[in-house]
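Protein chains in written order, with our numbering: chain A, 296 to 574; chain B, -17 to 287.
Don't be surprised by glycine CBs; every beta carbon is placed ideally from N, CA and C.
It should be emphasised that the depicted structure is a prediction, and the values quoted were computed from it without experimental measurement.
For reference, the structure is listed below as structure tokens.
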Amino acid sequence: MPASSKDVAARALAGAATTPRAADRRGVPVIEYRDVSKVYPGGSVGLERVSLSVGRGEFVFLVGPTGCGKSTCLKLLLKEIEPSEGEIFIAGKGLRTMQRKRVPFLRRNIGAVFQDYKLLPNRTVAANVAYALEVVGQPRSEIRRKVPEIIRLVGLSTKLHAYPDELSGGEQQRVSIARAFVNHPPLLLADEPTGNLDPETSIGIMQLLYRINRTGTTVVVATHDREMVDKMRRRVLELYEGRVIRDERSGSYSQDESTSEFAIRLRGELGIGAEGHPN
Amino acid sequence: MRVTFFLKEAMRTLRRNATPSLAATLTVLLTALVLGFFIPVVQATNGAADDVRNRVVLDIYVKDGADQAAINKLRTALEGTPNVQSVEFISKEEALKQERERDAQAFDVLGKNPLPDLFRVTPTDPDLITELGDQLAPPTPAKGKGASAQPASPLAAVSDVQTREEETSKILSGTNLVNILAFGLGGLLTMASVALISNTIRLSIFARRREVEVMRLVGATNWFIRWPFVIEGMFVGLAGSALAVAILGLIKVTIIDSLRQSFDILQVPQTMSFPALALILLFGSVLVAGVGSGITLTLSRSLRI
């Protein structure tokens, strides 16, 4: 990743106040689950009495096999579904009592990235990102300023006017991350962001998420790629059949690792040459 | 900014959802055409009916031998009766003169004047004309003693009371038929239009489900998601009714206007001007289409955040 885009990110987020270290685990947690259960109408159990807490600026992995409740966890945070029992708090605000008409404003503060990217096929990269700003009613001047900036941050300046089907999977995921982060939300959720990607491309995506995390944004990544998770040495929450069976705050990693150090270490540990193409 | 965004999105959907939109547009066109035809017809028939109703009168025939004093008394009595708007006296001679104008020969053959003096009474409320007629009917001769006991009753001079009820009711029932037909057909077609617009909106929600998903994901408000669809529905309404207005305008210019020059009869009924009719059709269609799609959206599950 060229150094210039890191500067852009830093400049864009200069106003975002706290550095990750100062904010880490201080004050109100960004996410808090209190005895949350989710039973789907069919009777299948999504979550069973899950309690967890994620502090500001943390980078958390949510791991476990398919059907263990990772996606349920994320959907609950977006208030796409309601918990059957228990209470979820985001930045201290209970979601259960939140009015429906406030939900869009909750979502504006949460970036979301998915395995299938959810890009609009008949719009260019720039238009896809701009769309997210248009539908929340941002003025055109803001859109013109923010879109090229965020696309440069994710490293796709040359693909501004390309259509999604002209991009590789990794590039498409970068667009979707750009769209999720263009408003600089304090919380970013990623559901299997590397699920369709090869290991080298996955490192690029993880590197990007890590960079976003270093600007102070709390990042939660759901994945079943245990190898990647183990190598990244971040906090890991493991779910199994709807229950948290491991919460490894793993103190072994350094919070101060720079993005490029992070990538070099990751490549080394996964046995991929540093010369590999980032996408 | 927002308005252009909504318009842009609506047009994008219309293009992608062209076939159902076209079907809905054609239904709106048909509805507007039928309404555009029936509104003036209803107005004309109702106007004609009102005319007839206003011409509803009671003819009160005076007995042949009645003297001037009796006639005067009768006039005062009639004017004093409730529900009487005006009283007009038509003497034998005047009546003869009027009838002569219509058919001079017939009366020449007759030689003498068969027509009685009469009072033409216009009621205030035409619907109560039968009651008024009964009220003014001459006292029954069966009560011979009573009649002689009260020789002063001014109605004694009345020989007969006639209403034109039958002709009136015929015209009124004709008007009713036209009204029922117009409202029935208009109502049914409006419902069909709303149903088809609603169907169009449903299909375009489906066509745009990815956009809707992204909109919800990034925190667009409910109405921000809905407006493009409402505009799409309103556009269908506008397109359909504009076409209908164009066709009606063409019909008016080519057929009605040229007929009007040859036949006086078409000038009789008072109908609204064409621009007013066009505006009503356009506004009505856009409003109904907009409300219809708004309701569809509110009921649509897939759009709930």
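Proximity below 7 Å, CB of residue i to CB of residue j
i        : j          : result
A/Val524 : A/Ala485   : no
A/Val420 : A/Val470   : yes
A/Arg403 : B/Gly201   : yes
A/Gly575 : A/Val323   : Because residue 575 of chain A is not part of the residues shown, which for chain A are 296 to 574, the question remains open.
B/Asp41  : B/Arg102   : yes
B/Gly29  : B/Leu230   : no
B/Met216 : B/Val176   : no
B/Glu61  : B/Val69    : yes
A/Val334 : A/Val340   : yes
B/Val194 : B/Ser275   : no
A/Thr510 : A/Ser497   : no
A/Val531 : A/Arg474   : no
A/Pro399 : B/Thr(-14) : no
B/Leu253 : B/Ala26    : It is Thr, not Leu, that sits at residue 253 of chain B in the sequence shown. Going by C-beta atoms, B/Thr253 is nearer than 7 Å to B/Ala26.
A/Pro480 : A/Ile376   : no
A/Leu482 : A/Val325   : yes
A/Glu552 : A/Lys526   : no
B/Arg82  : B/Phe89    : yes
A/Val477 : A/Lys441   : yes
B/Leu199 : A/Ala407   : yes
A/Leu534 : A/Lys365   : yes
B/Leu261 : B/Ser223   : no
Contacting residues, own chain, Cβ-Cβ under 7 Å from residue i (five flanking each side not counted)
i         : result
B/Glu(-9) : Pro210
B/Val218  : Ser3, Ala6, Thr7, Val10, Ile179, Thr182 and Ala271
B/Val24   : Val160, Asn161 and Ala164
B/Thr172  : Thr13 and Val270
B/Gly115  : Leu40, Val143 and Thr145
B/Asp107  : Asn65
B/Leu185  : Asn(-1) and Pro2
A/Ser452  : Ile446
Beta-bridge pairing of residue i - partner residues as DSSP gives them
i        : result
B/Gln154 : The residue asked about is misnamed: residue 154 of chain B is Leu in this sequence, not Gln. In the DSSP output, where bridge partners are listed per residue, B/Leu154 has none listed.
A/Ser555 : According to DSSP, which records beta bridges pairwise, A/Ser555 is partnered with nothing at all.
B/Val176 : Answer by DSSP bridge pairing: none, since B/Val176 is not bridged.
A/Gly406 : A/Leu483
B/Asp142 : B/Tyr43
A/Leu534 : A/Val539
Same chain only: Cβ atoms within 6 Å of residue i, ignoring 5 sequence neighbours per side
i        : result
A/Gly310 : Any answer about A/Gly310 is weak, because its pLDDT of 39 lies below 50 and its placement is not dependable; what the coordinates show is given next. For A/Gly310, where only same-chain residues beyond five positions count, there are no Cβ hits under 6 Å.
B/Ala131 : Reliability of the predicted coordinates at B/Ala131 is poor, the pLDDT of 43 falling under 50, and no value is obtained from them.
B/Tyr43  : Pro98, Leu100, Ser141 and Asp142
A/His456 : Thr419
B/Leu225 : Leu11
A/Gly389 : Glu382
B/Ala189 : Arg(-2) and Asn(-1)
A/Ile438 : Ala425 and Leu428
Own chain partners of residue i with C-beta closer than 8 Å, once the 5 adjacent residues on each side are dropped
i        : result
A/Asp319 : Unreliable positioning characterises A/Asp319 in this predicted model, as indicated by a pLDDT of 42, which lies under 50. The coordinate reading is nonetheless provided below. Taken in chain order, the residues that qualify are Gly350, Arg351, Gly352, Glu353 and Gln550.
A/Leu492 : Gly464, Gly465, Gln468 and Ile500
A/Pro416 : Tyr458, Pro459 and Asp460
B/Met197 : Phe206 and Ile207
B/Leu294 : Residue coverage of chain B in this structure runs from -17 to 287, which leaves residue 294 of chain B outside it and unanswerable.
A/Leu347 : Ile326, Glu327, Tyr328, Leu532, Val539 and Asp542
B/Leu110 : Asn65
Pairwise C-alpha distance: residue j and residue i
i         : j          : result
B/Ala174  : B/Glu214   : 17 Å
B/Gly126  : B/Ala119   : Any reading at B/Gly126 must be qualified, since the residue scores a pLDDT of 44, below 50, and its modelled position is unreliable; the value itself is stated next. Whole-angstrom Cα-Cα distance: 16 Å.
A/Pro443  : A/Arg391   : 37 Å
A/Phe409  : A/Ile385   : 20 Å
A/Arg344  : A/Arg329   : 8 Å
A/Glu327  : A/Ile383   : 6 Å
B/Arg57   : B/Ser240   : 50 Å
B/Ala0    : A/Glu556   : 54 Å
B/Ala86   : B/Ala228   : 52 Å
B/Leu78   : B/Val91    : 13 Å
A/Thr537  : A/Cys363   : Correcting the residue type first, residue 537 of chain A is Gly in the shown sequence and not Thr. So the two alpha carbons sit approximately 5 Å from each other.
B/Lys152  : B/Asn158   : 10 Å
B/Ala(-4) : A/His519   : It is Leu, not Ala, that sits at residue -4 of chain B in the sequence shown. Each residue's Cα considered, the two are about 41 Å apart.
A/Leu561  : B/Leu(-11) : 48 Å
B/Arg(-6) : A/Gly450   : 30 Å
A/Tyr426  : B/Arg(-16) : 12 Å
A/Gly338  : A/Ser379   : 11 Å
A/Pro360  : B/Arg192   : 27 Å
A/Leu372  : B/Pro257   : 56 Å
Residues that residue i contacts on chain E, provided the C-beta gap is smaller than 8 Å
i        : result
A/Lys413 : No chain E appears in the structure shown, which is made up of the protein chains A and B.
Q: Scan the segment 38 to 121 of chain B and note each continuous beta strand (DSSP E) run of 3 residues or more that stays entirely inside, going in chain order.
A: Restricting attention to beta strand (DSSP E) runs no shorter than 3 residues, the segment 38 to 121 of chain B encloses them at 40 to 44, 66 to 72 and 100 to 105, ordered along the chain.
(Q) If we require 4 or more residues per run, which alpha helix (DSSP H) segments fall completely within the segment 410 to 458 of chain A? (A) Listed in chain order, the alpha helix (DSSP H) runs fully inside the segment 410 to 458 of chain A are 420 to 429 and 435 to 448, counting runs of at least 4 residues.
Q. Where are the alpha helix (DSSP H) runs, 4 residues long or more, that stay fully inside the segment 491 to 519 of chain A, in chain order?
A. The DSSP assignment places complete alpha helix (DSSP H) segments of no fewer than 4 residues inside the segment 491 to 519 of chain A at 494 to 509, in order along the chain.
Q: Any chance you could list the alpha helix (DSSP H) runs of at least 4 consecutive residues sitting entirely within the segment 321 to 389 of chain A, in chain order?
A: The segment 321 to 389 of chain A contains these whole alpha helix (DSSP H) runs: 365 to 372.
Q) What are the uninterrupted segments assigned as beta strand (DSSP E) that are 3 or more residues long and contained completely in the segment 189 to 229 of chain B, given in chain order? A) The qualifying runs do not exist here; there are none.
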